[in-house]
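Step one of this worksheet: look at the structure below.
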Amino acid sequence: MIDRTERTTGHHGPDFETLFRAAGVTGWLYAADIDSGRDVGHGADEPLPTASMFKVPLLVEFCRQADAGLLDPTSRVTVTADDRVPGPTGISAMLDDVTISLRDLAYLMIAVSDNSSADVLLGRVGIDAVNAMLAHHGLASTRVSQSARELNESMRRDTGHGWPYLDPDEVARLSALDPARANSSTPREMVRLFGLIWRDEAASRASCAWMRTVLNMQVWPHRLASGFPYDDVAVSGKTGTLPTLRCESGVVEYPDGRRYAVAVFTRSFSTALIQPRADAVIGTAARMAVDHLRR
Amino acid sequence: MDLVRHLRYFIAVAEELHFGNAAIRLGMAQPPLSQRIKRLEEELGTRLFDRSARQVRLTESGRLLLAEAREIVARVDRLHELARHGEDTVLKVGVPPDLAAAVIAALVAGFRETNPEVRLAPAEIWTADQVTALAEGAIDVGLVRHPVSAPGLQFGEILVQLQGVLLAAGDPLAGVGEVHLADLAGRELLMPPREGEPGMHAEMLSECRRHGYVPPQVHQGAGLGLVLAGAAVAFGPKAELPGLAWRPLLGSPITCRVSTAWRVATAPMNELVGDFSAVAVRTLKESAGMTDEGAVPARRISRRPGMLA
Chain A
0 MIDRTERTTG HHGPDFETLF RAAGVTGWLY AADIDSGRDV GHGADEPLPT
50 ASMFKVPLLV EFCRQADAGL LDPTSRVTVT ADDRVPGPTG ISAMLDDVTI
100 SLRDLAYLMI AVSDNSSADV LLGRVGIDAV NAMLAHHGLA STRVSQSARE
150 LNESMRRDTG HGWPYLDPDE VARLSALDPA RANSSTPREM VRLFGLIWRD
200 EAASRASCAW MRTVLNMQVW PHRLASGFPY DDVAVSGKTG TLPTLRCESG
250 VVEYPDGRRY AVAVFTRSFS TALIQPRADA VIGTAARMAV DHLRR
Chain B
0 MDLVRHLRYF IAVAEELHFG NAAIRLGMAQ PPLSQRIKRL EEELGTRLFD
50 RSARQVRLTE SGRLLLAEAR EIVARVDRLH ELARHGEDTV LKVGVPPDLA
100 AAVIAALVAG FRETNPEVRL APAEIWTADQ VTALAEGAID VGLVRHPVSA
150 PGLQFGEILV QLQGVLLAAG DPLAGVGEVH LADLAGRELL MPPREGEPGM
200 HAEMLSECRR HGYVPPQVHQ GAGLGLVLAG AAVAFGPKAE LPGLAWRPLL
250 GSPITCRVST AWRVATAPMN ELVGDFSAVA VRTLKESAGM TDEGAVPARR
300 ISRRPGMLA
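In structure tokens:
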């Protein structure tokens, strides 16, 4: 594939390299105007682990199956202790059985990145169907090969213990961080996936509108949204987090109607869990990219 | 014969009813005055005065013709007055002192093109003072900033100028493509004087607060020295000035709305005021980047989770 993305190593592009380094991370980024296609990138085609961002293609395939009548998004399931996957939010954090509609599971999966909701939906939708959808849209570097449970178990298997994972040598051998073995994508393909949702091309118009609503309800303000701290700029997206990996893909909508899909992946030099600068640089870099596209 | 001049003699005699007194009033001798009245009577084919008695009296037809004669003479006088006046008709115009010099020049040039016989006399006056000057007749037409409330004034088409922000070239924000009002936090703001532009002042500051910018201090003035010194920022149309950077404001929240204004009872100048209004609309669109009022999009507030959490 010919890379026509504007190079940022030249004299005029934004200096993403320096920005990422100052935040203590290595970063990869791609941003595109959803309607004009004008773009800017920094390592845009690097295969990278997607962590929880795999929930976005799962959401898309869920909608396509609902559109096709293969599943009823309002049908209810009961999520029991056996279905519960470790995780800090949503049903993963609850103690008792939950009866809930499939589409509300999808909402929890996106809004608070609930792992249990994601795995129940993945069980319904099927991992092969998700990958077939990705292939259908030509997203050849994007792959879903693991459930949230499998991802968690791989880290336990790789280190011999549970969370937290702070030892740099242990982190270095996590298969969850190896794009060849874990769920993976590239900044460019995550942006293309979001572009399909925002242009009503990923599923039916109604389903795409609903996906945009749900992605806009994601609660985390510290990454992509932090770069656009304005009442009149809308930010929608999905984060992904693993030891040293922080990322978010999403869409930024400006008051003049122009909209930009952005994907930022970072790997921090340090294995410390709390790194506000590493979170914030996702927003700062995205802002720099969008600002560049608006000039 | 010079009918109008003869009518003037007739009016003088009719008012004096005495040839001697009328001759004195007209600065001439009595015999030629009598001669000329006689000639006028021949010309009109009727006797104007009854000279039979010792007293001079208007005849019936003299009385009838007097009113017409006065009307004719008055109209001729008015004709001459208008002709004299037209040579140096001046339209007094008020413009905001911070209006770009190039725009004022374009206004003058544009008006000269449509009304070459009228001289445009622009005076730099803030909106509030223009309102007073219009009421007193000190100016014929103004270029005012809205909102402005003044009974007795009429306004031309309102045009909108999107404002960006002027920063010192060394300001970190000068490096980005566009600036959100909230990004200006902590910076002092330079605005035109509040007494001069009360409406615009209130509206702009309210818009700033709404968008997350509450300037710690608002300076008043028209010069950009404070901005150049890095002590304040200012709003304004796109400008390239040495030592300053201009950046658009994200979402175009700050606008400047202007229109022409004139007194409702400006009857004699009505046509000129209309001409000036038309020239102003065209010029402001062409050389000041102004647009029709409806062209500014409404603000849409994004809904982010956590707002009520």
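Keeping their order, the protein sequence lines are chains A and B. With numbering that gives the first Met the number 0, the residue at position 147 of the first sequence is 146, and numbering never jumps. With numbering that gives the first Met the number 0, the residue at position 172 of the second sequence is 171, and numbering never jumps. Glycine included, every Cβ here is placed at the ideal spot set by N, Cα and C.
When DSSP states are grouped into helix, strand and coil, F19 (chain A) belongs to the helix group. In this structure, K237 (chain A) keeps its C-beta atom at 8 Å or more from the C-beta atom of S115 (chain A). Residue range 244-252 is occupied by the beta strand (DSSP E) that includes S248 (chain A).
Judged by DSSP in its simplified three-state form, W125 (chain B) adopts coil rather than helix or strand. Rounded to the nearest whole angstrom, the CA to CA distance from L138 (chain A) to D103 (chain A) is 27 Å.
Near chain B, meaning a CB-to-CB distance below 8 Å, the residues of the segment 188-220 of chain A are N215, M216, Q217, V218, P220.
C-alpha of A149 (chain B) to C-alpha of P186 (chain A): approximately 58 Å in a straight line.
Counting only residues of its own chain and dropping the five nearest sequence neighbours on each side, V280 (chain B) has a CB closer than 6 Å to the CB of E156. If only complete runs of 4 or more residues are kept, the segment 127-206 of chain A shows the alpha helix (DSSP H) at 147-158, 167-171, 186-197, in order along the chain.
With a contact defined as Cβ atoms closer than 8 Å, R246 (chain B) and L166 (chain B) qualify at about 7 Å. Assignment of L133 (chain B) by DSSP, reduced to helix, strand and coil, places it in the helix class.
The C-beta distance from V72 (chain B) to V12 (chain B) rounds to 14 Å, too long to meet the 8 Å contact threshold.
In summary, N269 (chain B) is exposed, with fewer than 16 beta-carbon neighbours lying within 10 Å of its beta-carbon over all protein chains present. When secondary structure is reduced to three states using DSSP, M210 (chain A) falls in the helix class. Across the segment 161-193 of chain B, CB contacts with chain A closer than 8 Å involve V175, G176, E177, H179, A181, in sequence order along the chain.
Burial check for K37 (chain B): the Cβ neighbour count within 10 Å stays below 16, so the residue is exposed. Ranking A:A105, A:S153, A:L244 by CA distance to the CA of D71 (chain A) puts A:A105 first. Of the residues A:V190, A:D168, A:Q145, A:R191, the one whose Cα lies closest to the Cα of F268 (chain A) is A:D168. Taken through DSSP and simplified to helix, strand or coil, P95 (chain B) comes out as coil.
Looking from the CA of T88 (chain A), the closest CA among A:W209, A:S74, A:I109, A:D81 belongs to A:I109.
Shown here for V124 (chain A): same chain residues with a beta carbon closer than 7 Å to its own, the five before and five after excluded, namely L57, E60, F61, Q64 in chain order. Residue state for R46 (chain B) is assigned as coil, using DSSP reduced to three classes.
For the segment 260-279 of chain B, the beta-carbon criterion of a distance under 8 Å to any beta-carbon of chain A is satisfied by none of its residues. Contact check for L90 (chain B) and A120 (chain B): beta-carbon distance about 7 Å, within the 8 Å limit, so the pair qualifies. Pairing A230 (chain B) with A173 (chain B) gives a Cβ-Cβ distance that is not under 8 Å. Just so you know, the alpha carbons of V280 (chain A) and L307 (chain B) end up roughly 26 Å apart.
The Cβ atoms of M189 (chain A) and A288 (chain A) lie no closer than 8 Å to each other.
Of all residues in the segment 223-237 of chain A, only A224, P228, Y229, D230, D231, V232, A233, V234 come within less than 8 Å of chain B when Cβ atoms are compared, listed by chain position.
With the criterion set as a beta carbon lying under 9 Å from some beta carbon of chain A, the members of the segment 295-307 of chain B are P296, R298, R299, I300, S301, R302, R303, P304, G305, in sequence order. In terms of Cα proximity to H291 (chain A), the closest of A:R75, A:A92, A:Y259 is A:Y259.
For P87 (chain A), there are no neighbours in chain B by C-beta distance under 9 Å, as the nearest C-beta there is about 16 Å away. Taking 8 Å as the cut-off, the beta carbon of T243 (chain A) is found closer than this to the beta carbon of T270 (chain A).
R83 (chain A) and T240 (chain A) have their C-alpha atoms roughly 19 Å apart. A check of alpha carbon separations from W219 (chain A) across A:A30, A:S235, A:P254, A:L94 identifies A:S235 as the nearest. In this structure, V178 (chain B) places its C-beta atom within 8 Å of the C-beta atom of V164 (chain B).
In the structure shown, the three-state DSSP call for Y212 (chain B) is coil.
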